[in-house]
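**Student:**
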Amino acid sequence: MLAGIRPAAVVANLLLMAAAVAAEPSVTLHDAWVRALPPTQSNTAAYLTVHNSGTEPVVIDGARTALAGRVELHDSVTRDGMARMEQREAITVAAGEKLHFAPGGLHLMLLELEHMPAAGEELEICLRVAGEFLCTLAVTRKSGPAAEHDAHQHH
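With mature numbering (1 follows the signal peptide of the UniProt record, and there is no 0) as the guide, the letters of the sequence shown map in order to residues -22 to -1, 1 to 133.
(1) Is Thr118 helix, strand or coil by DSSP?
(2) Please confirm whether Phe79 has its beta-carbon closer than 8 Å to some beta-carbon of chain D.
(3) Using three-state DSSP, classify Ala14 as helix, strand or coil.
(4) If I measure Cβ to Cβ from Asp53 and keep anything under 6 Å in the same chain, skipping five residues before and after, which residues do I get?
(5) Since Thr33 is in the beta strand (DSSP E), which residue starts that stretch and which ends it?
(6) Give the range of the beta strand (DSSP E) segment to which Glu50 is assigned.
(7) Let me make sure I understand the geometry here. Which of Leu15, Ala73, Thr18 and Ala41 has the alpha-carbon closest to that of Phe79?
(8) Give the secondary structure of Gln19 by DSSP, where H, G and I count as helix, E and B as strand, and everything else as coil.
(9) Could you please give me the residues that DSSP links to Gly40 through a beta bridge?
(10) Taking Cβ positions, are Pro35 and Ala72 nearer each other than 8 Å?
As structure tokens, then:
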């Protein structure tokens, strides 16, 4: 009788381990921060790093934070010598890659803010990946390095 229980126990343990591995997120969010601007501004930008440690590409197709009326995915691009921001409907993160949302490139536009977060204030920012929201805490700080000029104050 014990011989019949052992294989069943081994199979049960393997199934539990497989479920635990499947439950581990393949996408993680790191180093999130929000640009602090004067309190008269109603929009700002957020930046972070998205790491896809999985074996398949993932698509980010939305974002949210309680502080903003809406959040849009944006990219800063230069065309014909003119820098401008373009809204993106979705952004793909390749398998095994890190995607950096940074000043002068990809970023989250936080629009219709309830209030401008002060330097040091934390807020939760969530990205929608494969239909589910992944969240992280973002710290608000003044601007990044001077070389990373960002024109969101004029957005």
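Idealized CB from N, CA, C, for every residue including glycine. Note that the structure is predicted; figures quoted are calculated from it, not measured.
**Tutor:** Once the coordinates are examined:
(1) Against the sequence shown, residue 118 aligns to sequence position 140. In this structure, Thr118 counts as strand in the three-state DSSP scheme.
(2) Judged by its chain identifiers, the structure shown contains no chain D, having just a single protein chain.
(3) By 1-based counting over the sequence shown, the position of residue 14 is 36. Three-state result, Ala14: coil.
(4) What you label residue 53 is simply residue 75 of the sequence shown in a count that begins at 1. Around Asp53, the same chain offers Glu64, Arg66 and Leu84 as residues with beta carbons nearer than 6 Å, after the five sequence neighbours per side are excluded.
(5) Here residue 33 is taken as the residue at index 55 of the sequence shown, counted from 1. Note, Thr33: premise wrong, no beta strand (DSSP E); not H, not E.
(6) Mapped onto the sequence shown, residue 50 falls at position 72. Element bounds for Glu50: Ala46 to Arg57.
(7) For the purposes of this step, residue 79 is taken as residue 101 along the sequence shown, with counting starting at 1. Of Leu15, Ala73, Thr18 and Ala41, the residue nearest in Cα terms is Ala41.
(8) For the purposes of this step, residue 19 is taken as the residue at position 41 of the sequence shown. Three-state DSSP puts Gln19 in coil, outside helix and strand.
(9) On the sequence shown, position 62 is the one that residue 40 refers to. The partner list for Gly40 (beta bridge, DSSP) reads Arg106.
(10) Working through the sequence shown from its first residue, we reach residue 35 at position 57. Working through the sequence shown from its first residue, we reach residue 72 at position 94. Cβ distance < 8 Å, so Pro35 and Ala72 count as in contact.
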